[in-house]
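> Take a look at this one; I'll ask things after.
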Amino acid sequence: MAGVARSGRVRSGRLPALLVVLPVLLAPISASARAHLLSATPAAGSVVAAGTLAVSLHFDAALDPVRSRMMLTGPSGAPMLMMVPPPTDDHAISTTAPVTPGSYKLHWQVWERDGRMTEGDLPFSVAP
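Going by this note's numbering, 113 is the number at position 113 of the sequence shown; the sequence numbering is gapless.
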């Protein structure tokens, strides 16, 4: 067989080439395994009404709901950890929070079931 010695081992001339090509072939697999935010309510940059805000984030990967978090920072500047109830959809996290007029930032951190973490910020405003 070409490229294989009688002992069944890869010839030493082929090993360096394999070591160079293998990471290149595997890179798209590991890069695409990260969760991406598909949709968010409220949307980034949106203006919502004061009252009880429904927050929902949908991702393209199955999440670990126990380790996933959302933190809301409002006009006072004090961050508030949001309680996330057990999800009905393993690709989403949702909760509610009381909001008053002003600027807000929702910081989210989600963990995929395979252990990868993704995070981001979602700014929005509450109308007076």
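Where is the CB? At the ideal position from N, CA and C, for every residue including glycine.
At 3 residues or longer, and completely inside the region 79 to 117: list those beta strand (DSSP E) runs for me, N to C.
Taking only runs of at least 3 residues, the beta strand (DSSP E) segments lying wholly in the region 79 to 117 are 79 to 82, 92 to 99 and 102 to 111.
> Look up Asp121 in the DSSP assignment and say whether it is helix, strand or coil.
Here Asp121 sits in strand by DSSP.
> Going by C-alpha to C-alpha distance, which of Thr41, Thr100 and Arg34 sits closest to Thr73?
Nearest option by C-alpha distance: Thr100.
> Taking just the CA atoms, how far does Arg67 sit from Ala44?
Each residue's alpha carbon lies about 23 angstroms from the other.
> Closer than 7 angstroms by C-beta to Thr95: which residues in its own chain qualify, once you throw out the five before and the five after it? Chain order, please.
The answer, listed in chain order, is Val55, Met70, Met82, Met83, Val84 and Pro85.
> How should Ser122 be labelled, buried or exposed, when 16 other C-beta atoms within 10 angstroms of its C-beta is the threshold for buried?
Here the sequence assigns Leu to residue 122, which means Ser is not the residue at that position. Buried is the call here.
> Using the Cβ count rule (16 or more neighbours within 10 Å means buried), how would you classify Glu119?
When all chains shown are included, Glu119 counts as exposed.
> If I follow the unbroken beta strand (DSSP E) through Gly45, where does it start and stop?
Careful: Gly45 lies outside any beta strand (DSSP E) and carries neither H nor E.
> Look up Ala54 in the DSSP assignment and give the residues it is bridged to.
The partner list for Ala54 (beta bridge, DSSP) reads Thr96.
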